[in-house]
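Numbering (my numbering), first residue to last: 1 to 116.
Notes follow once the structure below has been shown.
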């Protein structure tokens, strides 16, 4: 019964992350479509806002969770060689971790005022 519960939790996390990502892409894309920043300073000012930085960070976490669950489930179902599965999952985990650190560095490099 515990394995079924874990599968349900992963399924629910993937669905919730997808819902957040759909909303984020719609709002973020709408903002860029209707009121695009004119220059770098305006971009930096917009990204320096706490709400925007938080939304981007949450979108990254949702994307990482969504990707991890998807890749993990596919490798568990279709990749039968344990060593290959392990290598692929470790590579994906390091890739997601590296991208998360890179995003954090980018967001941290934006000054609070938004000017370069």
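Think of the CB as a built atom: it goes at the ideal place given N, C-alpha and C, for glycine as much as any other residue.
{"Check": "Residue environment, residue 65, which counts as buried when at least 16 other CB atoms sit within 10 Å", "Outcome": "buried"}
{"Check": "Backbone CA spacing between residue 36 and residue 19 [nearest angstrom]", "Outcome": "24 Å"}
{"Check": "Cβ-based burial, residue 109 [other Cβ within 10 Å; buried from 16]", "Outcome": "exposed"}
{"Check": "Residues near residue 112 by beta carbon distance below 7 Å, same chain, minus five either side", "Outcome": "48"}
{"Check": "From 92, 82, 53, 87, residue whose alpha carbon lies closest to that of residue 121", "Outcome": "Lying outside 1 to 116, the shown extent of the chain, residue 121 is not represented and no answer is given."}
{"Check": "Cut-off 8 Å between Cβ atoms - residues of its own chain near residue 63, not counting five sequence neighbours on either side", "Outcome": "17, 21"}
{"Check": "N-terminal and C-terminal residue of the alpha helix (DSSP H) that residue 73 is part of", "Outcome": "50-78"}
{"Check": "Residue 84 to residue 53 span [Cα, whole Å]", "Outcome": "37 Å"}
{"Check": "Test item: CB-CB of residue 55 and residue 24 under 8 Å", "Outcome": "yes"}
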